[in-house]
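Chemist:
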């Protein structure tokens, strides 16, 4: 599948990293776009601003491979993942053009929040 990035792009040479995706077309054609290389607790690095479509494609797969529970998402434009170091905290990523409210905390449009709660509800304002 092909995806787009319209914000920023970086260049890296993959010497020991596994290439999960490459840029297609333009001056970046054929160069790595998403890399996997285990460093400490981290393993995946994106060389571009990810889009909602790319995240929908990669996040469930990468979370499953890392043993991280990936919840069914209540909205197409909000993703939630547990914080791996601090139990009870969750990352909430809002890819919508408008704010979303999660467990009483508003996530600004196209932003993310680390929320300290073991349970949360989500409602669109």
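Residue numbers (the working numbering): 4 to 128. Cβ atoms here follow ideal geometry from the backbone N, Cα and C, with glycine treated the same way. Just so we're clear, the structure is a prediction, and the values are computed from it rather than from any experiment.
Run through the DSSP bridge pairs and tell me what residue 103 is partnered with.
Modeler: Taking the chain shown and counting its residues from 1, the one referred to as residue 103 is at position 100. DSSP output for residue 103 lists 110 as bridge partner(s).
Chemist: Using the beta-carbon count (16 or more within 10 Å), is residue 36 buried or exposed?
Modeler: Stepping through the chain shown from its first residue, residue 36 is reached at position 33. With 16 or more other Cβ atoms within 10 Å, it is buried.
Chemist: Suppose contacts are defined by Cβ-Cβ distances below 8 angstroms. Is residue 47 in contact with residue 65 by that definition?
Modeler: One-based indexing of the chain shown puts residue 47 at position 44. One-based indexing of the chain shown puts residue 65 at position 62. Contact flag set, yes.
Chemist: Pick helix, strand or coil for residue 21, following the three-state DSSP scheme.
Modeler: Sequence index remark: in the chain shown, residue 21 carries index 18 (1-based). Strand at residue 21.
Chemist: Strictly by DSSP, which residues pair up with residue 97?
Modeler: In the chain shown, counting from the first residue as 1, residue 97 sits at position 94. 81, 114.
Chemist: Using beta-carbon positions only, say whether residue 13 and residue 38 come within less than 8 angstroms of one another.
Modeler: The residue labelled residue 13 in the question sits at position 10 within the chain shown. The residue labelled residue 38 in the question sits at position 35 within the chain shown. No, the Cβ-Cβ distance between residue 13 and residue 38 is not below 8 angstroms.
Chemist: Residues in the same chain with beta-carbon distance under 7 angstroms from residue 4, minus the five sequence neighbours each way, listed in chain order, please.
Modeler: Walking along the chain shown from the start, residue 4 turns up at place 1. Contacts found: 60.
Chemist: Tell me whether residue 15 sits in a helix, a strand or coil according to DSSP, three-state version.
Modeler: Within the chain shown, the letter at position 12 stands for residue 15. The answer is coil: DSSP assigns residue 15 none of H, G, I, E or B.
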